[in-house]
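Trainee: Everything in the sequence shown is counted per the working numbering, starting at 4 for the first residue and increasing by one. Sharing a structure with you now.
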Amino acid sequence: MLIGTMNHPARDPLQEIEWIAAMGFDFVDLTLEPPLATARSVDLRAVAAALEKHKLKVVGHTAYYLPLCSPFEGLRKAAVAELKVCLEAFAFLGATWMNLHPDRQAPFYERKYVIERNLQTLNELLPLARDAGVGLMIENLPGSFNTVRQLADLLEPVPELGLHLDIGHANLLVDYNTTDDILAAYGKRLRHVHLHDNKGGSADLHLPLGTGTVDAAHYVRSLQLAGYDGTITLEVFTPDKQHLAYSRDLLRHFWDQPTSKTEKIAAKPSPAPAQAACVCR
Ligand SMILES: [Zn+2]
């Protein structure tokens, strides 16, 4: 298992890589987005050299607000074009996976339309991703894409699409955290994990581990029981880096606890999907 964290898109990515390396992380969850980290503006050679210098791996992250299902065809096409530039950048940097956030910004349309438009975008991106040698994965989002049933709308029609599980998001706008349900259904397609804490409800607080209601020790065990041994990003967005350091040490401690062969993921019935929206990344 590798532990990483994310650069702040409003800061110089080269300086971000320096502190991420200094804190001993294994990889950078590199988000390529405005204002200071777009795929078009970043000095990719310098970023590649910095990653190489610190022996850091990279996972591809993209802006959560790209209009993948926009009813305005020109906007949807523009999102595809921006993501193509991201794919090429991540291929250059040696990433093997790039995430996408499903879009739901199509007021006055039913869910069927939202799903079809997201799938249209995915199907346009997949050949580009294959050419770039970078896999695509979707991140669960509170509200519309946070339960097995909701994620199935995208994962079932596109078998090569990977799952990017955000355990903090799985705690929001649901009756209970949907992580175990999602792992039971799609654990074999899991390619990347985000971990952070919050207090349920709709606020995506990105707190340090242990400070909200997400049982990180339990979900670390769930990941292990699902056979996962890949990248976990600590998406802890607090100004004090000590919170991130504490979360890093706690995650390593949880991961290193011995597992019993008789443990199983306790599957729970799927909760009813909640409808409110929140801004999540
Ligand atoms: Zn996330």
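Ideal Cβ placement from N, Cα and C applies to all residues, glycine included.
Roughly how many whole angstroms lie between the Cα atoms of G7 and Y231?
Mentor: For the purposes of this step, residue 7 is identified with residue 4 of the sequence shown, where counting begins at 1. For the purposes of this step, residue 231 is identified with residue 228 of the sequence shown, where counting begins at 1. Roughly 16 Å separates the two Cα atoms.
Trainee: Could you tell me the distance, in whole angstroms, from the CA atom of Y68 to the CA atom of T262?
Mentor: Mapped onto the sequence shown, residue 68 falls at position 65. Mapped onto the sequence shown, residue 262 falls at position 259. If you take the alpha carbons of Y68 and T262, they lie about 39 Å apart.
Trainee: At what residues does the beta strand (DSSP E) containing I23 begin and finish?
Mentor: Here residue 23 is taken as the residue at index 20 of the sequence shown, counted from 1. It is not in any beta strand (DSSP E) - I23 instead sits in the alpha helix (DSSP H) that spans P16 to A25.
Trainee: CB P38 to CB A13, shorter than 8 Å?
Mentor: Position 35 of the sequence shown, counted from the first residue, corresponds to residue 38. Position 10 of the sequence shown, counted from the first residue, corresponds to residue 13. Yes, the Cβ-Cβ distance between P38 and A13 is below 8 Å.
Trainee: Which partner residues does E36 have in the DSSP bridge list?
Mentor: Looking up residue 36 in the sequence shown gives position 33. A40.
Trainee: Are there any heavy atoms of ligand 1 lying less than 7 Å away from the beta-carbon of E36, as far as the coordinates show?
Mentor: Within the sequence shown, the letter at position 33 stands for residue 36. No - ligand 1 has no heavy atom lying nearer than 7 Å to the Cβ of E36.
Trainee: Given 7 Å as the limit, tell me if D184 has its C-beta closer than that to any heavy atom belonging to ligand 1.
Mentor: Working through the sequence shown from its first residue, we reach residue 184 at position 181. Checking every heavy atom of ligand 1 against the Cβ of D184, none is found closer than 7 Å.
Trainee: When the distance is taken between beta carbons, is L254 closer than 8 Å to I235?
Mentor: Within the sequence shown, residue 235 is the residue found at index 232, counting from 1. Within the sequence shown, residue 254 is the residue found at index 251, counting from 1. Yes, these two residues count as a Cβ contact at 8 Å.
Trainee: Could you compute how far the alpha carbon of L54 sits from the alpha carbon of H172?
Mentor: Numbered from its first residue, the sequence shown carries residue 54 at position 51. Numbered from its first residue, the sequence shown carries residue 172 at position 169. Answer to the nearest angstrom: the Cα atoms are 28 Å apart.
Trainee: Please work out which residues of its chain come closer than 8 Å, Cβ to Cβ, to L1, disregarding the five sequence neighbours upstream and downstream, and give them in chain order.
Mentor: The structure shown does not extend to residue 1, since the chain is modelled only from 4 through 284, so no value can be given for it.
Trainee: What residue range is occupied by the uninterrupted alpha helix (DSSP H) comprising L129?
Mentor: Start at 1 with the first residue of the sequence shown, and residue 129 comes out as number 126. It spans R114 to A135 - the alpha helix (DSSP H) in which L129 sits, taken as one unbroken run.
Trainee: So, using beta-carbon positions, are V137 and A94 closer together than 8 Å?
Mentor: For this step, residue 137 is matched to residue 134 along the sequence shown. For this step, residue 94 is matched to residue 91 along the sequence shown. Annotated as proximal: V137 and A94, with beta-carbon spacing under 8 Å.
Trainee: Among residues of its own chain, excluding the 5 on either side of S225, which ones have a beta-carbon nearer than 7 Å to its beta-carbon?
Mentor: For this step, residue 225 is matched to residue 222 along the sequence shown. The answer, listed in chain order, is T182, D183, L186 and I268.
Trainee: State the start and end residues of the unbroken alpha helix (DSSP H) segment that holds V62.
Mentor: As a first step, residue 62 is located in the sequence shown; it is residue number 59 there, counting from the start. Taken as a continuous stretch (DSSP letters only), V62 belongs to no alpha helix (DSSP H), being part of the beta strand (DSSP E) at K60 to T65.
Trainee: Please report how far the alpha carbon of E113 lies from the alpha carbon of D252, in whole angstroms.
Mentor: Within the sequence shown, numbered from 1, the residue matching residue 113 stands at position 110. Within the sequence shown, numbered from 1, the residue matching residue 252 stands at position 249. Straight-line Cα distance between these residues: approximately 44 Å.
Trainee: For a quick check, are the C-beta atoms of L59 and V31 less than 8 Å apart?
Mentor: If you number the sequence shown from 1, residue 59 lands on position 56. If you number the sequence shown from 1, residue 31 lands on position 28. Yes, these two residues count as a Cβ contact at 8 Å.
Trainee: Could you compute how far the alpha carbon of A270 sits from the alpha carbon of L131?
Mentor: As a position in the sequence shown, residue 270 is number 267, starting the count at 1. As a position in the sequence shown, residue 131 is number 128, starting the count at 1. For A270, the predicted model reports a pLDDT of 48, less than 50, meaning its position is unreliable; a value from the coordinates is still stated below. A270 and L131: Cα-Cα distance of roughly 37 Å.
Trainee: Around the Cβ of T216, are there at least 16 other Cβ atoms within 10 angstroms (buried) or fewer (exposed)?
Mentor: Taking the first residue of the sequence shown as 1, we reach residue 216 at position 213. The residue is exposed, with fewer than 16 neighbouring Cβ atoms inside 10 Å.
Trainee: So the candidates are P145, H199, L158 and H167; which of them puts its Cα closest to the Cα of L175?
Mentor: Translated into the one-based positions of the sequence shown, residue 175 becomes position 172. Out of P145, H199, L158 and H167, P145 has the C-alpha closest to the C-alpha of L175.
Trainee: Once you ignore the five residues that flank L128 on each side, which residues in its own chain have a CB closer than 7 Å to its CB?
Mentor: Your numbering for residue 128 matches position 125 in the sequence shown. Only V83, L86 and L139 meet the Cβ criterion.
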